[in-house]
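Enquirer: In our numbering, the protein residues as written are 62 to 764. Have a look at this one before I ask anything.
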């Protein structure tokens with residue numbers, strides 16, 4: 062091979078995506094192993110033909126491939142090539158083959174081409190059921206963000222998924238995308254790669270994907286089409302305020318559909334090509350993309366470490382200024398085992414439920430950056446409602462459905478990022494991540510399966526605060542610290558130092574601020590009564606790495622400021638403030654209210670549920686409930702208050718002979734054994750025909 066020839070042979074393995082029995086999309090590996098490799102040649106190889114010949118020669122020297130007919134499928138956009146084996150191999154076998162290939166002359170690296178899986182765990186009439194937008198406990202504070210922006214048609218969001226149907230609630234925001242599925246059987250559309258990015262269905266007959274590591278057919282039974290990409294796209298940008306169906310987070314943004322997942326899932330090589338094309342990076346053999354995306358949504362994933370194929374693609378996409386948002390996965394395990402959630406340079410999203418707790422399926426851990434509503438289908442109304450299709454195999458009629466999964470959480474964040482770009486087109490991917498993570502709402506405490514910053518990222522995404530910060534109107538980069546409670550999952554760059562405050566009501570001894578964990582190099586600066594700078598501060602710790610410590614032996618009362626400055630970009634850092642003695646007791650709030658208006662559906666025994674997070678600690682004793690409900694016939698209504706423990710208090714029964722309109726009154730409730738802190742729920746149901754009402758507001762007052 063001559064010195065002026067260079068070719069990069071890169072093989073990517075993708076996990077196939079299959080819908081589960083429930084409507085939750087899983088990131089699990091349906092069939093471990095793959096039948097493809099990605100191989101990359103070291104410089105100075107430049108010609109693809111020579112690289113292909115070199116790869117085949119190298120393969121011939123690998124004992125595990127002896128006698129096996131292998132072929133080079135194609136080059137991919139990252140500069141590597143894909144090698145096809147005769148049969149699917151286990152993960153361990155593929156690792157052995159890759160190690161042998163990497164020992165051959167000229168091979169820079171070899172890795173499996175993994176198969177990835179998607180995760181299934183206004184005036185629009187169904188908006189009232191989209192609690193994940195507006196409820197104060199489990200929602201993302203979206204209505205306040207809409208006061209600033211509903212998105213921009215100059216901001217394109219790529220949905221890298223199963224394709225997107227021309228749903229009537231999406232059609233106005235759909236751009237022409239591309240189908241990147243190379244395999245005709247997986248594509249199920251008889252055309253392979255083509256400009257039609259619509260979802261032809263990913264229904265899969267039993268055994269269609271071969272056999273799993275236990276010798277069982279994969280899948281073990283026929284599976285229906287998931288219409289996954291259509292559901293994801295609706296959360297991001299279903300047309301709002303059109304008197305139709307649901308509303309999207311950023312309903313004036315445009316959706317760029319990129320089809321990479323079909324039957325049995327999708328190969329990483331197809332996914333990374335689709336990612337690069339979506340960002341406007343040329344892909345060999347593909348036409349140029351006239352609508353580059355600023356945001357890439359990947360509600361997909363699989364098992365394993367982050368591959369170099371993904372990392373190469375992510376690096377190029379970030380260099381173009383685009384932000385990549387990825388689902389953490391649905392296996393209820395550490396997300397560091399899920400790819401591409403564990404890759405550097407992406408925003409990894411965990412899922413919360415309607416109570417703001419970690420959804421039972423959601424992956425977790427230090428690679429998670431932020432959380433968003435993913436829902437739980439213990440009750441249908443607790444899922445994430447979005448655009449869907451009624452077809453079991455092939456597309457049929459437009460409809461709507463509630464699903465659950467980190468796949469459903471991720472587009473909430475992608476939609477908010479699109480809103481941020483709408484108000485500030487100059488944001489960098491690093492700045493986007495910093496704003497998102499420093500404007501979150503803190504996780505509720507005192508509830509079952511509660512999130513912490515060690516499990517679910519920095520907090521629940523807050524659309525309004527993120528948009529404000531992106532626009533520069535209210536940066537809100539100052540976060541309040543509390544004694545002994547760490548702020549985790551911190552990310553920062555030089556352009557955006559993080560500022561925190563600690564309020565002390567009386568002088569204390571042994572005040573300490575401690576940074577620890579993560580990667581990169583963060584420094585710590587502390588001041589009393591004023592924000593510190595690099596040159597004006599009361600204490601500084603600027604060692605190499607992230608282990609920094611500031612101690613003030615005798616600290617005055619008032620506000621202390623701590624600045625975390627990036628000597629070099631950092632990620633996953635924790636900040637803890639503490640001092641000697643107990644935290645002075647603050648006077649606890651006595652009243653908590655919810656003023657979000659909610660429609661009460663006519664003759665629906667399930668009714669509607671409004672939530673209210675109470676931060677007050679201690680036992681309840683006696684509390685009062687004040688209601689403001691509009692209804693033409695109050696006798697239709699049944700009202701129940703549910704405590705954080707799940708105890709139900711019947712406030713009002715339905716009575717057909719009860720006259721009068723509306724329900725505006727106060728009730729006293731004796732609950733001596735209840736804990737105040739947690740999520741309280743108000744359930745209101747209309748049990749008779751021909752009229753409906755609305756919850757205007759409700760309030761709890763503790764004595």
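Cβ coordinates follow ideal geometry from the N, Cα and C atoms, glycine included.
Return the chain-ordered ranges of every alpha helix (DSSP H) run that is complete within the stretch 362-427 and spans a minimum of 4 residues.
Expert: 369-380, all fully within the stretch 362-427.
Enquirer: What do you reckon, are the CB atoms on residue 631 and residue 583 nearer than 9 Å?
Expert: Result yes, Cβ atoms of residue 631 and residue 583 sit closer than 9 Å.
Enquirer: Under a three-way DSSP split, which group does residue 496 fall into?
Expert: Residue state, collapsed to three classes: helix.
Enquirer: Where does residue 651 fall in DSSP's three states?
Expert: Residue 651: coil per DSSP, three-state reduction.
Enquirer: Output needed for residue 172: all residues of its chain with C-beta closer than 6 Å, excluding positions within five of it in sequence on either side, in chain order.
Expert: Cβ within range, chain order: 99, 159, 368.
Enquirer: With a 10 Å radius around its C-beta and 16 neighbouring C-beta atoms as the bar for buried, classify residue 201 as buried or exposed.
Expert: Label assigned to residue 201: buried.
Enquirer: Count the other CB atoms, across all protein chains shown, that sit within 10 Å of the CB of residue 629; report buried if there are 16 or more and exposed otherwise.
Expert: Result: exposed.
Enquirer: Taking 9 Å as the threshold (C-beta atoms), are residue 722 and residue 694 in contact?
Expert: A contact, by the Cβ cut-off of 9 Å.
Enquirer: Using the rule of at least 16 other Cβ atoms within 10 Å of the residue's Cβ for burial, across every protein chain shown, is residue 666 buried or exposed?
Expert: Its Cβ having fewer than 16 others within 10 Å, residue 666 is exposed.
Enquirer: In the structure shown, what three-state DSSP assignment does residue 160 receive?
Expert: Residue state, collapsed to three classes: helix.
Enquirer: Note down the Cα distance separating residue 128 from residue 488, rounded to an integer number of angstroms.
Expert: Whole-angstrom Cα-Cα distance: 53 Å.
Enquirer: Report yes or no: do the stretch 183-198 and the stretch 273-282 share at least 3 C-beta pairs separated by less than 8 Å?
Expert: Result no; under three Cβ-Cβ pairs closer than 8 Å.
Enquirer: Nearest-angstrom Cα distance between residue 504 and residue 548?
Expert: About 12 Å.
Enquirer: Are the stretch 321-341 and the stretch 444-459 in contact at 8 Å, needing three or more beta carbon pairs?
Expert: In short, these stretches do not touch, since the Cβ pair count stays below three.
Enquirer: Determine which residues share a DSSP beta bridge with residue 611 and list them.
Expert: For residue 611, which the question treats as bridged, DSSP gives the partners 574.
Enquirer: Residue 249: buried (16+ other C-beta within 10 angstroms of its C-beta) or exposed?
Expert: With 16 or more other Cβ atoms within 10 Å, it is buried.
Enquirer: Taking C-beta to C-beta, are residue 599 and residue 593 nearer than 9 Å?
Expert: It is a contact, given that the beta carbons lie within the stated cut-off.
Enquirer: Please determine, among 739, 269, 124, the residue with the shortest C-alpha to C-alpha distance to residue 509.
Expert: Considering only alpha carbons, the answer is 739.
Enquirer: Could you tell me whether the Cβ of residue 204 comes closer than 9 Å to any Cβ of chain C?
Expert: As a matter of chain content, chain C is missing from the structure shown, which is built from one protein chain.
Enquirer: Does DSSP put residue 747 in a helix, a strand or coil?
Expert: In the structure shown, residue 747 sits in a strand (DSSP, three-state: E or B).
Enquirer: Quick check for students: name the residue ranges of the alpha helix (DSSP H) that lie wholly in the stretch 237-269, counting only runs of 4 or more.
Expert: Complete alpha helix (DSSP H) runs here, min 4: 245-248.
Enquirer: Following the continuous beta strand (DSSP E) through residue 560, name the residue where it begins and the one where it ends.
Expert: Here the beta strand (DSSP E) through residue 560 covers 559-565.
Enquirer: Look at the alpha carbon of residue 623 and the alpha carbon of residue 614, and state the distance between them as a whole number of angstroms.
Expert: Answer to the nearest angstrom: the Cα atoms are 16 Å apart.
Enquirer: Where do the ends of the beta strand (DSSP E) carrying residue 622 lie?
Expert: Residues 619-639.
Enquirer: If residue 246 sits next to residue 324, beta carbons under 8 Å apart, how far is it from one beta carbon to the other, in whole angstroms?
Expert: That belief holds up - the Cβ atoms of residue 246 and residue 324 are roughly 7 Å apart, short of 8 Å.
Enquirer: From 313, 212, 203, 240, pick the residue whose C-alpha is nearest to that of residue 232; which is it?
Expert: For the residues 313, 212, 203, 240, the minimum Cα distance to residue 232 belongs to 313.
Enquirer: When DSSP labels each residue in this structure, what does residue 695 get in the three-state scheme?
Expert: Helix, per DSSP.
Enquirer: In terms of alpha-carbon separation, which member of 208, 234, 150, 226 lies closest to residue 218?
Expert: Cα-wise, what sits closest to residue 218 is 234.
Enquirer: May I have the straight-line CA-CA distance separating residue 309 from residue 404, to the nearest angstrom?
Expert: Using only the alpha carbons, I get a separation of about 28 Å.
Enquirer: To the nearest angstrom, how far is it from the Cα of residue 575 to the Cα of residue 425?
Expert: Spanning the two alpha carbons is a distance of roughly 24 Å.
Enquirer: Where does residue 761 land, buried or exposed, given buried means 16+ other C-beta within 10 angstroms?
Expert: Classification of residue 761: buried, given that the 10 Å Cβ count is 16 or more.
Enquirer: If you draw a straight line from the alpha carbon of residue 597 to that of residue 559, how long is it in whole angstroms?
Expert: The alpha-carbon atoms of residue 597 and residue 559 are separated by roughly 16 Å.
Enquirer: Just to confirm my understanding: we take residue 748, look at its own chain, exclude 5 residues before and 5 after, and list those with CB closer than 7 Å. What are they?
Expert: Contacts found: 664, 666, 697, 699, 715.
Enquirer: So, do the stretch 369-387 and the stretch 455-475 have three or more beta carbon pairs nearer to each other than 8 Å?
Expert: Enough Cβ pairs lie closer than 8 Å, so yes.
Enquirer: By DSSP, does residue 450 sit in helix, in strand, or in coil?
Expert: Here residue 450 sits in strand by DSSP.
Enquirer: Can you name, in chain order, every residue of its own chain whose Cβ lies under 8 Å from the Cβ of residue 606, other than the five neighbours on each side?
Expert: If we look at residue 606 and ignore the five residues flanking it on each side, its Cβ neighbours are 582.
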